[in-house]
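Engineer:
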Amino acid sequence: MTDWKSQAKNIWLVFSLLLVSIVLISSVFSACARPATISSEAPQAFQTVQPEDVGLSSAKLNDIDTVIQSNIDANKINGAVLLVARHGKIAYFKSFGYRDNEKKLPMEKDSIFRIQSMTKSLAAVSVAILKDEGKLAFDDPVAKYIPSFKDVQVGEVTQDASGKNVVITLVPPTTVMTVQHLATHTSGLDAGAGQPKPGITELYTQANLNNPALTNAEEADKLAKLPLCENPGPYYRYGTSYNVLGRVIEVASGMPLDKFFEERIYKPLGMKDSGFLVTRENANRLVYLDPKSTFYIDVTDPNRKFLNASNGTVSTAMDYARFAQMLLNKGEYEGKQLVKPETVAYITSDRLGPLGNRNDSAYVPGRGYGEGFDFYVRVDTSSADYPANLGEFRKGGITGTIYTVDPKEDLIAVYMASTMLRLYEGQIQKMIYEAIIN
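Using our numbering, read the sequence shown as starting at 9 and increasing by one per residue.
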């Protein structure tokens, strides 16, 4: 009896060991087969260090304080925020003056700005994300996503007997408008910016574009009915191309533009204060802009329908620094790869060639710069008015916001103000580069 019990005990022990082994082996294979997941934790804030830790001079950077404050004292600007980071670490982050001068509300580091055309960079990255996912191609016809563009026409302008410029004929374009044409402002669509096309620009003005009551779909269809200034491709014309690009993003993704920005850019990067709408609880942080300004958008209006990819969003210096750092990191930020490195390289390198690097008023990036997907890319270090390296790229907003990404120096800078004074380009960028010591 004892032998039987002993044998049974041994059999049970062997069986138990086999069972445990099977479970362990199964767990290992299961773990190996499970796809990698991205952490849902919010990104941590940039680490702040002494400037010298990242090869910058504290004394030189502190000289910027005097320049900004002197402009506040001279009533040229009400206030500003400047953030400079190198090697992924913040070396300088300060706020100055007031976010509301009349109410004497101080500017804070987390003050919220209307970033105007810096919205276009968000749209460019959105298109890049969709391209990486196979949901669109840069050479896709715009009409693939917006059918009304199948019938778009080019306006040929001539003079009548009195010498007045008039559109006399509408002809089919000889080239097909593509997603890349929209992204590089070579679509032929007018905007009235820079060099107007007599007879055609007036039609765009009369069309009541940028109406907050319009949806992106309605805006795009309105533009499709207007004549192009020229065939897509051979001419740079800044402006309404991104109004249409926003609608392409919506159709290709199956999401409203604001939702796509939120889900695919803001959340992965931890941009918690960015969007098309400033909520009631955050309205006090919004930097004042005169409602009479041509560039005023009521970003506190929850009923605004036109969420424009050209100029409709708000952000903070810290939020946008995360976005800029992602671009500097070739599409990656704290373990999250938003865009493939080769796609980031493509959209942030010059795509205009001989159409760019000009000094006329119609060319917004200015001399020394080509253009990627609306990123102004340094192609010439000898002719621009402020220092940087070849391959540095930037984008600004008309009411005073701008950011810079310089891959060679592993440096980003975000400057936020609420005035058209070009203080950053005129003085501050030069001082940042003078602060580089190694």
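Heads up, the beta-carbon is just placed ideally off N, CA and C, and yes, glycines get one too. Only a predicted model underlies this, so the values are computations on that prediction, with no experimental measurement involved.
Measuring only the C-alpha atoms, how far is Gly361 from His193?
Structural biologist: So the alpha carbons of these two residues sit roughly 13 angstroms apart.
Engineer: Measure how close the beta-carbons of Leu197 and Arg245 come, nearest whole angstrom, since I'm counting them as under 8 angstroms.
Structural biologist: Contact holds; Cβ gap of about 7 angstroms.
Engineer: With DSSP collapsed to three states, give me the class of Ser48.
Structural biologist: Confidence in Ser48 is poor, its pLDDT being 33 and thus under 50, which makes the residue's placement unreliable; the coordinate value appears in the next sentence. Coil, per DSSP.
Engineer: As a quick exercise: from Gly378, Ala260, Gly247 and Thr412, pick the residue whose alpha carbon is nearest that of Ser125.
Structural biologist: Of the listed residues, the one whose Cα sits closest to Ser125 is Gly247.
Engineer: If we count Cβ pairs, one from each stretch, closer than 8 angstroms, do we get three or more for the stretch 206 to 215 versus the stretch 146 to 166?
Structural biologist: Touching, per the Cβ criterion.
Engineer: Using 8 angstroms as the threshold, is the C-beta distance between Met115 and Ser129 below it?
Structural biologist: No.
Engineer: Quick one: residues in its chain with C-beta nearer than 8 angstroms to the C-beta of Asp73, no 5 flanking neighbours on either side, listed in chain order?
Structural biologist: If we look at Asp73 and ignore the five residues flanking it on each side, its Cβ neighbours are Lys102 and Phe104.
Engineer: Which partner residues does Gln188 have in the DSSP bridge list?
Structural biologist: Answer by DSSP bridge pairing: none, since Gln188 is not bridged.
Engineer: Beta-carbon separation of Val322 and Leu91 under 8 angstroms?
Structural biologist: No, the Cβ-Cβ distance between Val322 and Leu91 is not below 8 angstroms.
Engineer: As an exercise, report each continuous alpha helix (DSSP H) stretch of at least 4 residues that is fully enclosed by the stretch 185 to 244, in chain order.
Structural biologist: Runs found: 187 to 191, 209 to 214 and 224 to 233.
Engineer: Looking only at C-alpha atoms, which of Lys416, Phe401 and Ala392 sits nearest to Gly434?
Structural biologist: Taking only the C-alpha atoms, the option nearest Gly434 is Ala392.
Engineer: Mind checking whether Gly278 and Arg330 have CB atoms under 8 angstroms apart?
Structural biologist: Contact: yes.
Engineer: Do Leu315 and Leu265 have their CB atoms nearer than 8 angstroms?
Structural biologist: Yes, the pair counts as a contact, with Cβ atoms nearer than the cut-off.
Engineer: Roughly how many angstroms separate the alpha carbons of Leu144 and Ala353, rounded to a whole number?
Structural biologist: The straight-line gap from Cα to Cα measures roughly 18 angstroms.
Engineer: Is it true that the CB of Thr407 sits closer than 8 angstroms to the CB of Asp118?
Structural biologist: For Asp118 and Thr407, no; Cβs fall outside 8 angstroms.
Engineer: Taking its Cβ as the centre, do 16 or more other Cβ atoms sit within 10 Å of Ile445, making it buried, or is it exposed?
Structural biologist: Exposed is the call here.
Engineer: Assuming Gly105 is part of the beta strand (DSSP E), what are its boundary residues?
Structural biologist: It spans Lys97 to Asp108 - the beta strand (DSSP E) in which Gly105 sits, taken as one unbroken run.
Engineer: Can you find the residues in the same chain that come closer than 7 angstroms, C-beta to C-beta, to Phe303, ignoring five residues on each side of it along the sequence?
Structural biologist: Hits under 7 angstroms: Gln124, Ile406 and Thr407.
Engineer: Cα separation between Gly254 and Ala67?
Structural biologist: About 43 angstroms.
Engineer: Could you give the DSSP three-state label for Lys143: helix, strand or coil?
Structural biologist: Coil.
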